[in-house]
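Just so we're aligned: 13 in the UniProt record's numbering is position 13 of the sequence shown, and the numbers increase by one with no gaps anywhere. We put the beta carbon where it would ideally sit given N, CA and C, even for glycine. Each remark here refers to the structure printed beneath this line.
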Amino acid sequence: LFKLELQRVSLGALIISLSMLVDNAILVVEGVKIDHQRGHPLQQAIARMVRRTALPLLGATVIAILAFAPIGLSQDSTGEYCKSLFQVLLIS
Numbered sequence: 001l002f003k004l005e006l007q008r009v010s011l012g013a014l015i016i017s018l019s020m021l022v023d024n025a026i027l028v029v030e031g032v033k034i035d036h037q038r039g040h041p042l043q044q045a046i047a048r049m050v051r052r053t054a055l056p057l058l059g060a061t062v063i064a065i066l067a068f069a070p071i072g073l074s075q076d077s078t079g080e081y082c083k084s085l086f087q088v089l090l091i092s
């Protein structure tokens with residue numbers, strides 16, 4: 001579909017994106033747990049945490065993608081070698 005080759009760099013990018021996904025999930029679950037322990041009903045704790053963390057987590061993900069953009073968009077050999085790193089992070 002995206003015509004990405006599976007190589008060490010793209011697999012490394014997949015590991016980075018999966019670790020970001022797990023980190024985001026940990027933040028949300030811990031926040032829900034704390035709100036629930038403070039006496040909020042579970043559904044309300046989930047809704048509150050999603051509202052509070054949606055934009056910051058999205059912002060952190062966008063910043064991570066932008067951090068790798070110069071590498072992926074570079075016209076020299078570094079960009080050619082690491083292009084899949086940027087593409088995998090962008091897609092995931």
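1. For the alpha helix (DSSP H) holding His36, just list the boundary residues, first then last.
2. Taking Cβ positions, are Thr53 and Gly72 nearer each other than 8 angstroms?
3. Mapping DSSP to helix, strand and coil, what is Gln75?
4. Between the stretch 41 to 49 and the stretch 17 to 32, do three or more beta carbon pairs fall short of 8 angstroms?
5. Rounded to a whole number of angstroms, what is the C-alpha to C-alpha distance between Phe86 and Pro56?
6. Run through DSSP, which three-state label would Pro70 get?
According to the structure shown:
1. On the sequence shown, residue 36 is found 36 positions in, with the first residue counted as 1. Annotation for His36: the continuous alpha helix (DSSP H) segment containing it runs Arg8 to Gln37.
2. On the sequence shown, position 53 is the one that residue 53 refers to. On the sequence shown, position 72 is the one that residue 72 refers to. Going by C-beta atoms, Thr53 is not nearer than 8 angstroms to Gly72.
3. What you label residue 75 is simply residue 75 of the sequence shown in a count that begins at 1. Annotated three-state conformation of Gln75 is coil, per DSSP.
4. Yes: the two stretches touch, three or more of their Cβ pairs being nearer than 8 angstroms.
5. Translated into the one-based positions of the sequence shown, residue 86 becomes position 86. Translated into the one-based positions of the sequence shown, residue 56 becomes position 56. Taking the straight line from one Cα to the other gives about 21 angstroms.
6. Locating residue 70 in the sequence shown gives position 70, where the first residue counts as 1. Here Pro70 sits in helix by DSSP.
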